[in-house]
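What follows is a short report on a single structure.
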Amino acid sequence: MHVGVFKLEVAKKAHLLTLDIYKVTNNFPKNETYGLVSQIRRSSMSIPANLAEGYTRKSSKEFKQFINIARGSLAETEYFALLSRDLGYINEEEYLTLNTKVEEVGKMLFGLFHSIDKKTNHSPLASRN
């Protein structure tokens, strides 16, 4: 199955962020498996997943709703990364790397959201073919 959302650079970056989250959480304490590990993985996965779901919607209004959900999940991921650092589960370098990627994805989501408003054809599907 071809995932069309990966035509969008933000979806690619969000996917890479999720992969990085999975890598760093592999070393978390076992007692966090169903706590912080689960939370940060789910919030990071939600970003590209919501972009993918929104990308298939028939109206720009619906797509924008999914972008907003992705932005909320990004904010959760950002907090969980901070918490992970402060608990000593990741080092400062790992945190800064994740935070840089979070900021980049955040700017891209913001830009995507506002670019949809500027299109004269309000169907997000129109520019995908």
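Under my numbering, the sequence shown has 177 at position 129, and the numbering climbs by one with no breaks.
Where a beta carbon is used, it is the ideal one built from N, C-alpha and C, also for glycine.
If you reduce the DSSP assignment to three classes, tell me which class residue i lands in.
| i | result |
| --- | --- |
| Thr73 | helix |
| Thr104 | coil |
| Gly136 | coil |
| Gly154 | helix |
| Tyr82 | coil |
| Asn169 | Reliability of the predicted coordinates at Asn169 is poor, the pLDDT of 47 falling under 50, and no value is obtained from them. |
| Val181 | Lying outside 49 to 177, the shown extent of the chain, residue 181 is not represented and no answer is given. |
| Val53 | helix |
| Arg176 | In this prediction, Arg176 has a pLDDT of 49, which is less than 50 and means its spatial position is unreliable; what the coordinates show is noted afterwards. DSSP places Arg176 in coil when its eight states are reduced to three. |
| Ile88 | helix |
Spatial neighbours of residue i within its chain, please: CB distance less than 6 Å, with the 5 preceding and 5 following residues excluded, ordered by chain position.
| i | result |
| --- | --- |
| Leu67 | none |
What does a CB cutoff of less than 8 Å around residue i pick up in its chain, not counting 5 residues either side in sequence?
| i | result |
| --- | --- |
| Tyr143 | Ala129, Leu130, Ser132 and Arg133 |
| Thr34 | Because residue 34 is not part of the residues shown, which for the chain are 49 to 177, the question remains open. |
| Phe54 | Lys60 and His63 |
Roughly how far, in whole angstroms, is the beta-carbon of residue i from the beta-carbon of residue j, given that I think they are within contact range, below 8 Å?
| i | j | result |
| --- | --- | --- |
| Phe161 | Lys112 | 6 Å |
| Ser163 | Ser121 | Not confirmed; about 20 Å, so no contact. |
| Ser92 | Leu64 | So it is not a contact: roughly 10 Å between Cβ atoms. |
Excluding the five sequence neighbours on either side, which residues of its own chain have a C-beta within less than 7 Å of the C-beta of residue i, listed in chain order?
| i | result |
| --- | --- |
| Thr73 | Val85, Ile88 and Arg89 |
Original post:
Would you call the stretch 119 to 126 and the stretch 141 to 159 touching, i.e. three or more CB-CB distances under 8 Å?
Top reply: yes
Original post:
Would the stretch 131 to 144 and the stretch 81 to 97 be scored as touching if the rule is three or more Cβ pairs under 8 Å?
Top reply: yes
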